[in-house]
Every structure is written in C-alpha cells, then in structure tokens.
Amino acid sequence: MASDTHQLDTLRGEWLGRIGAAADLPALETERVAALGKQGAVTQLLKTLGAMTPEQRQTEGPRIHALREAVTEALAARKAALEAAELDRRLATETLDMTLPVDTGAQGTIHPVSQVMDELAEIFSDLGFSVATGPEIEDDWHNFTALNIPESHPARAMHDTFYFEQGETAGPAGAGAEGDRRMLLRTHTSPVQIRLMQRQELPIYAIMPGRTYRSDSDATHTPMFHQVEGLVIDRGITLGHLKWTLETFLTAFFERDDIVLRMRPSYFPFTEPSAEVDVGYHMEKGRRVLGGTEKWMELLGSGMVHPKVIANCGLDPDEWQGFAFGCGIDRLAMLKYGMDDLRAFFDGDIRWLRHYGFSALDVPTLSGGVGA
Amino acid sequence: MKFTLSWLKEHLDTDAGVEQIVETLTAVGLEVEGVENPADRLRPFVVAEVLTAAPHPQADKLQVLSVDAGTGEAIQVVCGAPNARAGLKGVFGAPGAYVPGSDLTLKVAAIRGVESRGMMCSIRELELGDAHEGIIELAADAPVGASFADYAGLDDPVIDVAITPNRQDAMGVHGIARDLAAAGLGTLRPVQVPDIVGTFPCPIEIRTDDPEGCPAFYGRVIKRVRNGPSPDWLQQRLKAAGQRPISALVDMTNYIMLSYGRPLHVYDLAKLKGALVARRACDGEEMLALNGKTYRLDETMTVIADDRGVHDIGGIMGGEHSGVTDATTDIVIECAYFDPAHIARTGQKLALTSDARSRFERGVDPCFLDEGLALATAMALELAGGEASEPILAGEPPRAERIVTYRPERCAELAGVDVEEDRQAEILGRLGFVVSRGQPWEIRVPSWRRDVDGAADIVEEVARIHGFDKVPSTPLRRAPGVARPTATPEQKLERSVRRTAASRGLNEAVTWSFISEAEAEPFGGSAWVLANPISEDMKAMRPSLLPGLLAAARRNLARGAEGIRLFEVGRRYLGASEHPTLGLVLAGTRSGRHWRTGKVQPFDAFDAKAEAIALLAAAGAPVENLQVLGDAAGIYHPGRSGRLALGPKNVLAEFGALHPRLLRAFDIEGPVVAAEVYLDAVPPRRGSGHRRSAYAPPALQAVKRDFAFVVAEDLPADRLVRAVRGADKAAIAAVGLFDVFAGPGIGEGLKSIAVEVTLQPAERSFTEEELKAISERIIAAARKLGATLRA
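Same order as they appear, the protein sequences are chains U and F. Quick note on numbering: the first sequence equals residues 1 to 372 in our numbering. Quick note on numbering: the second sequence equals residues 1001 to 1791 in our numbering.
Okay, structure coming up:
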C-alpha cells in the first residue's frame, strides 16, 4: 500500500488542527491518545511500516516519522501554551494591593555623641593615637593637684566641682596629702592624662574621650557633658606640632579644606605655654558653618604640658615634653551636625534620637569619610 | 576688666587706633570680650542753643522753643522741660535720631497742634544718668552745632578684657599698657609716684599681728578732708569700668585699684578706737560688710580690727561701720599685702567675691605698697583736700627676688618658633624682666609676675608677644605604612554591642550619670552621693542604667510615643569601681495596629531576653553555654525575669518584665520590659590571630525526629532540652523546642513540650536499631525529670 504524499499532508493538517483546537489540558490529552496512544491514528500508521517492502519503507518511513514528530511537537507546544494560559488565569486571581503599607522594623540609631567619639577614634588612630579612659569618680589629686591646680588656686573656683559626701576616705587614693583624696566628679578629662603618664609607657599618643561634670546648668551648659582630651608626650614635641595636629584633626573631622585655626595665648594651670584655639566660621542660612576666616569662635583649650605636671607623674620634664588639648564633644557634634540645643542630647526623646541619630551601619571610616 | 581708651592712653603713649589695640590685646593673651563706644549712639545729638521760648498756645506745661543747632536756621521744638529758656545751651536731636533712654526714633510731629521738629534731651533720655527733672544744661561756651559726644568727652571707647587667673598684673590699666608696649604698640608711660611728706606723725597705731595672712600693713592718716561726689571725669571712668561712683574717697580707692591693680581701703578715723591691727578673727566674730550682709568669721581668717571689733575682712571687703561718708573729716588709708592662699580660702569659705579678693588671691605686686599708698594719698588730697600724716609701714611684704635660668633655644624647642636672641631679650625687657645674657641666661622676674617661675613661662612670654600666629604648623612624625589598630578589646566590645543594639531597632540614648536618691533606692541605693548636687534629681550616682532610661521612657510616653526602644551604653557606679554596662528598656507597644497583624502587641519579657542574648552574642559571650537563672533583682517581676549566667557566680545579664511597684514609682503605666548587660563580666574572646578552625561539613545528611513529652507544669523547659541534648552527646547535634501546650487532654498540673532532635551521623548512616537506641536514651533522660512520652 502506497500512501501518497497528499494523503499524509492532509492527515498532518487534520491533526495539527485538532491539537491547536484543544481547549484545555484534558482535551489535549484526549487528542494525544487519539494520535499517539496505542490505538492512535499515527501509531497505527507507524505499524504499517512493518508490512512494507524495504523499498516502500525507504520512501514511506521518513514521511510517517516526520508526521509523528510534527504531531508530538504540536502537542508539546500546545501543552506549554495551555499551561501558560492556565498560570496567567490563576495569577490574575491572585492580585494583592501592593500599595498596602508594610512594617520595615524599628529604626535603631546611634547617639551623635557615640558617633562623634567613633569618628575621633578613627581620625586619631590614623595619626597613631590610641584611645584611653579613666574613672569619672576621681580624687582631688588627679583632677586638680597633679595638674598644677593647688587647693587655693583661683582656677579651681572656675571649675564648679561636684564633690561627694563620701569624702576623703572612700575610693582609690591618690598620692599626696589628705585633701588630695577628697572624691569628686572629674571636671575635665585631664586626670586621664595623669593616669596615662603615671603608667610611664612612653611615648604617649592618646585621646581620652568621656563624660565630665560641672555644677553648671543653663541654656548652653549641662551639669554633665562630654570632652575629649588629646595628649602627646615624646621627645622634641613643640607647639607647632600641636597646631598641625589640631588643623589636621579638624580638617578631617569637618571634612572641609577651608578650616582655619587661630591660636591665642591663654592660661591653663597644666600647660605652659597655653593656647586657646579659635576656628573661623561663617553664616549660611542663619546657621554657623565652620570654614573661612569671616568670624571666629572659641573651640578648645590647649598647650604644652606643664613641666610640673610631667614631674608630678614621675617623668623627667627635661627629657619628655608634649602637648595636650581638650575639646567639648557635644560642641563638636553640634557644630558638625547642626543641633542647637545641648540639653536635648540627654533627654532621650526618641524623635530627636531618630532625627539626629546614625544608622548602625554608618560606621565612620577614613575611606568613606568619617562623617557617616 | 573694663577701661576706656583715654584711660589706657594715660599709661601708654601710642598712636594706635582702637581696632589695632583690640587685635593686639587678643593676640598677646588679653582676650577682648567687647568694645563699645558710648558715643556711637550719641552721634545724632549736637550742642544747641535755645533762642526763644514762648508758651504753648494749647498747653500750660509746654513751651514752644526756637532752637539754633548750628544748621543756619531756627528750628521749632515743643518742649515740656521746666528749665527750658532762652539762652540755655543743651543737647538737640533732630528727626531721625534714635533716643536710647526712651527707645524711640524722633520724627516731625504736631504736639497739641504745634509742629515740633526735634527734641532737647534730658540726661536720662541719653542714658547718661537718672536725672530727668529737665533738659541738659551745658556751659555757656559750648560750641553750637558741635557733636555733643565730642564736646562732653564721651567719645571714648570702652574695652572689656577677660583676664586669665594668672595675670593679676593685667587687672589694672597700667599692666595692660605694659603688654601692649611690649607688643610694639607704643611706649609705657612710667608711673609717676608723688612724694608726699607727712606733716605730722600718724595719730593711730597700725600693726600686723598676723604676719602669715597679712605680712605687710602700710597706712597713713589724712585730716580735715571734705568728702563728696567725685568729679565728672572720675565718675565717667568708673562707670565705664562698671563701678558705681560712691564718694570721692571711695572712688579714689577704686580708681587706683583699676589703674594699678592695687586694692586699698579707707576708714573713717573717728569711728576707730585704739590701734588698727591685722590679726586673725576669733571664732564666731561677726562683721557687717559693705554689701549689707553680716559674715561670721573664724580663726583662719585675717581681719583688720580695732579695740571695738572687726572693720575689714582683710583684702576682701570692708565693714559698714567704719566706712567713709560725706560727714567724714579724718581718714586712714590702708595699703596692705594679704597672702593669696589665705585670701582664697577665706573667700571660698565665706562665698564672698569682690574686686579686691580677685586681685589679692592672684597675688598683687608686693613691691608696690609704698607707691600705692603715695598715689592714694596724693589723689585723696587732690579730691578731698586735707593734710597727710607720716606713713606707718608695718611688716614686710614678700619681696624676694626670683631668678629663672633660661636657654634662649628653649623657645624653638618648646614653642616651635625660632625667635632671635636679641628679640627675645627685647620682649622680656619691655615686660619688665631683667635679662642677664650669660650661659645660660639669668632672668630676674618682675615683682608683679607671680605666675612666672620657670623656663616654660619665659617661653610663653616670648612666644605670646612675638605672636602665636608665627608658630609654624609642624607635622608629627608619622610611622610609615597603614595606621596600626589602636582600639582595646573593651573598646571593640562596646562598639559592637552598641551597633548591634542599634541594628536591632533600639535607639541609643545618653542619660545623666546622676539620679535622685529615691530613684536609686530600688536598685540597691547609690554608693556615691554628691555633697553639692545641682538638684535633688541629680544627686546620686546611678547604680543601674535603668532609672535614667525609665525616666526617658516616661517622658516619651507622655509625648504620646508608642514603641519605645531605648538603650544606653555607660557606666554603673558601684562602691569600688565603675562598670561598663548596656541597659535597655522596651516600653509601649512592640508593634502597633497593623492590617497584617491586627491588634497592638505589647512587649513581653521574652523580648528583653532576646535582646540580652543577641547583645551577649555580639559581645562574644559563649551564648550556647548560658544558663537562665531565676530570680533577677527585685526590680523585676518575680516570675517573669531571669539572669543569664555562665555558672552561678558569673552573671552576664539580667532581663525581664519590670516589677509593677517599680513602674508605679517611676509613674509609668506598664508593662515595661528591660535588660542590663554587664559588659565587664563578658569573658574575653579566646583564640589568637585571624585564623578560624578548619571547616568540615558533615558528609552525611542529618536525621530529624520529633518527641512530645508530658511534664510537670513548673518544670523549666530548659531543663528538659538540656536533658535531651545530653542523652547522646555524639549523635545529637541540636535540640529545638517547637511547642509548649497545657490544657484539655494533657492533665491537671501538666504540660506538653515538643522538641525536634537533630541527629548527625558521622561515618555511616544510622541503622534502624541505632535510631531506636538513641530514642530510648532520649526518653530515658526525659523520664528522669518526670517526663512521659506523649502517645
């Protein structure tokens, strides 16, 4: 039996038509069975090959196989199309209102004071300074006497010191007279200088940030505030090194190249010579912005460590000398980030904390710029 | 310290203008806090003459004046002053002038129907004094049309300088002039000390019985003085300096003090009885001081007294009783030297400040007593007349010479600025140092510079006058390569817990280190209580971070905040030391109303536990070994709190719901949960270097089995989990608790706990027999706790 080409083409057209018309997957399955099932039309056609002569098979075989392949492909294509359509239909029923609000979790923050302390540590570590700490409950000797502020010194009155009822006997004893052991809240971070020098691990390149206390409370003063002390004790250190260190630090901290410092002679009992440092600023939209030399504001106190202070710590002032400076951290934060109310720093108002705080991942780095 | 430009120029011969003077003052360390010229606001006012004065047609008390203000035309002014009259010379302000004393700007106005084109001013209207009875009357020769400020000598800028405590010498105009002269701004005019020969012996005995507190007491008497108001020029200067003029003799003492830094006191001789003696006060002795207050004295204090009692708290404040008045005829002038340390102690004890104290406690010039007394005597005679006695010079001020050895290279070594030797010597010489340029230099310190006693001080003198702006910025030596790490393990730990807390949604707060004693009490009280707190709320050093955080939480709740998650990293102040701690408080709602979760969810104790464990993990604590001990401190809910510990003695954290009683004390509507992590209790991280142990993932798939046990209701779940875990340490990799249930079907007093056990085969898979054996061991371990396997 010789099936002619025409007949096979008709058959192919018929099957492709039926497959294409299958409305859903069950219908398509019915067509598959009808075409390719054991009793299917195409299967039957294939079976005729066995009864053919080799010559017939040579001409008929490829044609019948081609038919089967075409039908198989058509079935697969139709199946994919029906499945896609089915998925589309299902998805169409699954629509959600994507404008509904979601909960992104609570927004945690780092306090500006901590952030600035981390910035300071980062900048100064690049200059080779480590970070040192000391007790906040201090004795009189470390806070005053060792720093060349004896009992009757007028500078003491300027410190508005908080003293403890517990008085002279409790707590770690300092060196020296009985009055030196009176316990107080440190009025500056300078006693950490003393403790550091007393360790006699030289040279010293350190900053000392921390809480400090003075009995003072008004719009611009709080009884607790934060200071950072800087101390270098080495051979051959001069006031010029202090100037450079402060310029370098403030340029990096404020991330401005137009920071200009002005050193003025001043007086601190623990430094000689002593210098008050002003920084130039200008006004932008009613707010102070550091940079330039239009106006000046006092920023920090500094000087060459007094030889008596060095000697008080058991070091030889003829061999070792260096500089120290002290600066308000809260003030640095306010100038850099634009807060204007110091009291708000310590209120714990979550609105303020979220407004001025920093993300946990805003870790200050030198490569990213210390200002997160 | 305030003074005027003209006053300064009496001590400094200079052509410099006020701007240059101000700049130089600040540059040499005498910081100018302000400059104000009273003439600035008097610029619009001129000398004018009243040409005619006629009654106002509509008002009895007003006059219509015609005024010549030098403009070439007569100006009509309506004036209410009773002394306004033709021929009077006064001060005129034209329309547009701002009248400071009335705070108004003049304009052309009709007063009761008559036009007025300006104003004749009173003393008060120009803020020159209180007088307001009439308009200012100037001398007949006052030049019409001239600036009033110029004419009256008011064009004299007032300079306000902040004097650092080391510079007593600059607490007088002369000392300030000396610094300016040293800085090249002119020549210091030497003090002209008059030589006043007494015409009679001093009629009162003057002596010091307290050579320690008052080493020298000089004095003399002036008889037949006529006290009264001091002249205008003196009153003007004192006012500019912020002093209230009192009387010629008192003003004289203040003027000498402000000019030379030399405090003085004047007594009314008639009110003294017997000798005038510097001595220690007796305990309990009292004196009514010039400020109207009575001071109770003790034997550490030096006073000036006579037979009747104390007349002066030596060097600090005089007494009311013996002060001079307008009726005084004979006076004693005191010029003494008081020991600075004594003055400071007495002043601190009495909480009494005065201009004299601030000078004496900084140390006045001990070599200026004769001069001070002579200047005072001369000025008293000039102002009040009379006849001076011979002086009495009792005691001896500490006049010992002070020599500092100095190498001129020190300036470059310490200040970093190389100043030529000649220039150094010149600067020092101008400041009054006597330099002997040997090897090394020997420098005699002037008697008025008590603050200078070493080479570093000399460097400062040279550098400040030479100019700190000339100090070159010098880079520190810098180690080559990348900066080395500097943070200590403690610092790194604090940083990581702080940032972990923030990453978990907590807001970092900084609260006061001091709290009230009442707030400290539930936390075991404070070991450190301030003797002089700023308020009762800031008196006790906190034994815990929670009171400060709770107070902050309360303020936030009062503002309507809902989810409050606050933490702080800071110190607790206990008896022996200060402990770094992380405290956290969760208050209000964990999650608000939301379409996905429905109702508001409050925080519970497990939230606090989660934070505590997460933070301990960040701190590097071995959290898998942590035990939960019951009974956190009494501030917590007894049944809903715990301690996280490594062994019974090593508590790393406490957490839980806060006790309702505590919340009531803090005025907070609960519930609030909290935790404290004791950072210094966290064991240091072990291991060294960066290398981790080798990673070897198990080759075989783990097997999971679930077990449900029925246990006594009060059995802590952790005990069951630990027991299961310990049943076969080799095979059991993890035990996870996934269900707790009590209720119907379980039995009274019982609960069901379901755990998922992860079994990890090592070299080969478990056989059925092995799995069965492990299960039996697990069930047996649980049975020891009274647990039965749930069917």
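Glycine is no exception: its CB is placed at the ideal position from the N, C-alpha and C atoms.
Report yes or no: is there a C-beta of chain F within less than 7 Å of the C-beta of residue 176 (chain U)? The predicted model places residue 176 (chain U) with a pLDDT of 49, which falls under 50 and marks its position as unreliable, so this point remains unresolved.
Pairwise C-alpha distance: residue 120 (chain U) and residue 309 (chain U): Distance between the alpha carbons of residue 309 (chain U) and residue 120 (chain U) is about 25 Å.
Apart from the five residues on each side of it in sequence, which residues of its chain come closer than 7 Å, Cβ to Cβ, to residue 1599 (chain F)? Once the five neighbours on either side are set aside, the close Cβ partners of residue 1599 (chain F) are 1593.
Under 7 Å between C-beta atoms, does residue 122 (chain U) make it to chain F? No - not a single Cβ of chain F is within 7 Å of the one on residue 122 (chain U).
At a CB-CB cut-off below 8 Å, which residues of chain F make contact with residue 240 (chain U)? In chain order: 1415, 1416, 1417, 1471, 1472, 1473, 1474.
Is residue 1149 (chain F) helix, strand or coil by DSSP? Helix, per DSSP.
Would you mind listing the beta strand (DSSP E) stretches within the region 1668 to 1742 of chain F that are 3+ residues and don't spill past its ends, in chain order? The qualifying runs are 1672 to 1678, 1703 to 1712, 1732 to 1741.
Cβ neighbours of residue 1 (chain U) in the same chain (closer than 6 Å, five flanking residues each side left out): In this prediction, residue 1 (chain U) scores a pLDDT of 44, lower than 50, which makes its location untrustworthy; no coordinate-derived value is stated.
Start and end residues, alpha helix (DSSP H) containing residue 1466 (chain F): Its alpha helix (DSSP H) spans residues 1455 to 1466.
State buried or exposed for residue 1098 (chain F), treating a residue as buried only when at least 16 other CB atoms are found within 10 Å of its CB. So residue 1098 (chain F) counts as exposed.
When the Cα atoms are used, what is the spatial distance from residue 101 (chain U) to residue 368 (chain U)? Going by the C-alpha atoms only, they are around 33 Å apart.
Rounded to whole angstroms, what is the Cα-Cα separation between residue 1223 (chain F) and residue 1321 (chain F)? Approximately 19 Å between the Cα atoms of the pair.
Does the pairing of the region 1021 to 1035 of chain F with the region 1149 to 1165 of chain F give three or more beta-carbon distances under 8 Å? Because the criterion of three Cβ pairs below 8 Å is met, the region 1021 to 1035 of chain F and the region 1149 to 1165 of chain F touch.
Excluding the 5 residues flanking residue 1587 (chain F) on each side, which residues of the same chain have their C-beta closer than 6 Å to its C-beta? Only 1553, 1564, 1672 meet the Cβ criterion.
Per DSSP, cross-strand counterpart(s) of residue 1111 (chain F): Beta-bridge pairing links residue 1111 (chain F) to F:1114.
Taking only beta-carbon positions, decide if residue 1529 (chain F) is within less than 7 Å of chain U. Output row for residue 1529 (chain F): interface = yes.
Might you give, ordered along the chain, the residues of its own chain that have their beta carbon closer than 8 Å to the beta carbon of residue 380 (chain U), omitting 5 neighbours on each side? What the structure shows of chain U is the stretch from 1 to 372, and residue 380 (chain U) is not part of that stretch, so it cannot be assessed.
Are the beta-carbon atoms of residue 230 (chain U) and residue 207 (chain U) separated by less than 7 Å? With contacts defined by Cβ atoms closer than 7 Å, residue 230 (chain U) and residue 207 (chain U) form a contacting pair.
Thinking C-alpha only, which one of F:1038, F:1037, F:1663, F:1178 is nearest residue 1557 (chain F)? Checked all of F:1038, F:1037, F:1663, F:1178; the closest Cα to residue 1557 (chain F) is F:1663.
Does the beta carbon of residue 247 (chain U) come closer than 7 Å to any beta carbon on chain F? Among the residues facing chain F, residue 247 (chain U) is included, as its CB has a counterpart in that chain under 7 Å away.
Pull up the CB-CB distance for residue 1508 (chain F) and residue 1468 (chain F), whole angstroms please, since I reckon it's below 8 Å. Incorrect: roughly 39 Å between the Cβ atoms, too far for contact.
If we ignore side chains and look at the alpha-carbon of each, how far apart do residue 1774 (chain F) and residue 1789 (chain F) end up? Approximately 14 Å, taken between the alpha carbons.
Would you decide whether residue 148 (chain U) is buried or exposed? Buried here means 16 or more other CB atoms lie within 10 Å of its CB. Classification of residue 148 (chain U): buried, given that the 10 Å Cβ count is 16 or more.
How would you label residue 1696 (chain F), buried or exposed, when you count the other beta carbons within 10 angstroms and need 16 or more for buried? In the assembly as shown, residue 1696 (chain F) is an exposed residue. Its beta-carbon has fewer than 16 other beta-carbons within 10 Å.
Measure the Cβ-Cβ separation of residue 1026 (chain F) and residue 331 (chain U) and say whether it is below 7 Å. No, they are not a contact pair.
When we look at the beta-carbon of residue 1403 (chain F) and count the other beta-carbons within 10 Å, is it buried (16 or more) or exposed? Classification of residue 1403 (chain F): exposed, given that the 10 Å Cβ count is below 16.
Near-chain U residues of the region 1510 to 1540 of chain F - C-beta to any C-beta below 9 Å: So the close ones are 1510, 1511, 1512, 1513, 1514, 1527, 1528, 1529, 1530, 1531, 1532, 1533, 1534, 1535, 1538.
Return the residue from the list F:1724, F:1149, F:1118 that minimises the CA-CA distance to residue 1127 (chain F). Residue 1127 (chain F) has its Cα closest to that of F:1149, out of F:1724, F:1149, F:1118.
Rounding to the nearest angstrom, what Cα-Cα distance links residue 1407 (chain F) and residue 1463 (chain F) in this structure? Looking at the two C-alpha atoms, the distance is approximately 14 Å.
For residue 1475 (chain F) and residue 251 (chain U), what's the separation of their Cα atoms in angstroms? Distance from the CA atom of residue 1475 (chain F) to the CA atom of residue 251 (chain U), rounded to whole angstroms, is 14 Å.
Run through DSSP, which three-state label would residue 173 (chain U) get? Caution applies to residue 173 (chain U), whose pLDDT of 44 falls short of 50 and renders its modelled position unreliable; the model cannot decide the point.
DSSP on residue 305 (chain U), reduced to helix/strand/coil? Strand.
Answer with yes or no whether the minimum CB distance from residue 53 (chain U) to chain F is below 7 Å. Contact with chain F is absent for residue 53 (chain U), since none of that chain's Cβ atoms lies less than 7 Å from the residue's Cβ.
Using 8 Å as the threshold, is the region 1376 to 1394 of chain F in touch with the region 1308 to 1321 of chain F, meaning 3 or more CB pairs across them? Verdict: no, contact absent.
Which residue's Cα is closest to the Cα of residue 1040 (chain F): F:1604, F:1411, F:1619, F:1157? That would be F:1157, whose Cα lies nearest to the Cα of residue 1040 (chain F).
For residue 343 (chain U), which residues in the same chain have their Cβ closer than 7 Å to its Cβ, ignoring the five residues on either side in sequence? Beyond the five residues adjoining it in sequence on each side, residue 343 (chain U) comes within less than 7 Å, by CB distance, of 222 in the same chain, given in chain order.
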